[in-house]
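What follows is one structure encoded as structure tokens, with my remarks underneath.
Numbering (the UniProt record's numbering), first residue to last: 1 to 115.
Printed below as a string of structure tokens:
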């Protein structure tokens, strides 16, 4: 992201996150001031990232390291909950209660006819 006339440069150009269960994933980036003056920059992210400071200041010819953290675990849990709702092979409590009532009615109907 460097070029003539740019105030800052960012390394690397693309962030990659390695996923591990039960852990936050992060990727580091370096922002460098290419001028002899103070430079301010704003960093934005989507809601799937942790909070990061909105406005950053770089002193002349300095750089700063930033860590971008991604909450992949939260997204994974949300996907698990969605898939359980759609494809739950188990019986629900309501279904078991309904089958039990039908069985009880059939049994009582047989006892009623015998009596």
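All C-beta atoms in this analysis are idealised placements derived from N, C-alpha and C, irrespective of residue type, glycine included.
_Same chain only: Cβ atoms within 6 Å of residue 100, ignoring 5 sequence neighbours per side_ = Excluding positions up to five away in sequence, the list is empty.
*State yes or no: is the C-beta of residue 13 nearer than 7 Å to some heavy atom of the ligand GDP?*
Questions concerning the ligand GDP fall outside what the structure shown contains, since it holds no ligand whatsoever.
*Looking at the structure shown, is residue 79 part of a helix, part of a strand, or coil, going by DSSP?*
Helix.
*Which ranges would you report for the alpha helix (DSSP H) in the segment 2 to 36 if only whole runs of at least 4 residues count?*
List check, alpha helix (DSSP H) in window: nothing returned.
*Rounded separation between residue 102 and residue 23 - CA only*: Answer to the nearest angstrom: the Cα atoms are 48 Å apart.
*Rounded straight-line distance, which links the Cα of residue 18 to that of residue 26*: Rounded to whole angstroms, the gap between the alpha carbons of residue 26 and residue 18 is 8 Å.
*asked:* At the level of alpha carbons, what is the spacing between residue 33 and residue 81?
replied: The alpha-carbon atoms of residue 33 and residue 81 are separated by roughly 44 Å.
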